[in-house]
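Numbering (the numbering used here), first residue to last: 165 to 381.
The C-beta atom is built at its ideal place from N, Cα and C for all residues, glycine as well.
Everything on this sheet refers to the single structure shown next.
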Ligand SMILES: [Mg+2]
């Protein structure tokens, strides 16, 4: 069992980590991204959907693929695709309670933008829970899972690797943090047996409560 007693800095991904994947915020964002690609490149929806998915796979985010191949303005793109209906999110008292009980620094690090993260947190009732929020704009638009992205953000945030833990729903985003010495927690219905995943958990609130009740010390 990995010891979490020395951890005093907790870093959380945003999408599908601080709200359930079943909310499917990305179904709205994906539509906006495909629309953007259709207009930008004058292609049909099927082609745009395929490009969006292929860029996400190869470049970490669809945005990174569009920047490298079509020189788009990232700010314009992010403003458009994050203009969605946030009311599908609901407040989560359980999660805010368990986060508030967690001792130490709490950060959000997302491949979305910090303003987008603040909007999501507002609808989740988690606005006052986190000390700092880092978005893709803080990493010069280099996305997780690339090492450069983590290096930039962890350095800006003065992260002490061996005293920090990272929560993520995308397993590929945990490999670099693990190599840097962070503890890694996958938050997903799909369990992982990757060596770089210290914990694979289905419910973030339950896991946080286990931590604060000292089950892992
Ligand atoms: Mg995520």
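| Asked | Found |
| --- | --- |
| Inter-residue spacing [alpha-carbon to alpha-carbon] between residue 324 and residue 260 | 25 Å |
| Where residue 308 falls, given that 16 or more other Cβ within 10 Å makes a residue buried | buried |
| 8 Å Cβ shell around residue 182 - same chain, five flanking residues per side excluded | 176, 259, 272, 284, 285, 288, 290 and 368 |
| Through-space distance from residue 256 to residue 350, alpha-carbon basis | 20 Å |
| DSSP state of residue 297 mapped onto helix, strand, coil | strand |
| Identity of the residues DSSP links to residue 175 by a beta bridge | 271 and 330 |
| Helix, strand or coil at residue 181 [DSSP, three-state] | coil |
| Where the beta strand (DSSP E) through residue 364 begins and ends | 363-365 |
| Beta-ladder partner(s) of residue 347, from DSSP | 329 |
| The segment 299-306 in contact with the segment 332-344 per 3-pair CB rule at 8 Å | no |
| Where residue 321 sits in the DSSP three-state scheme | coil |
| Inter-stretch contact at 8 Å, needing at least 3 Cβ pairs: the segment 243-253 / the segment 179-198 | yes |
| Beta-carbon separation (whole angstroms), residue 299 vs residue 321, contact threshold 8 Å | Rounded, the Cβ-Cβ distance is 12 Å, inconsistent with contact. |
| Residue 347 beta carbon less than 8 Å from that of residue 329 | yes |
| Span separating the alpha-carbon of residue 341 from that of residue 318 | 10 Å |
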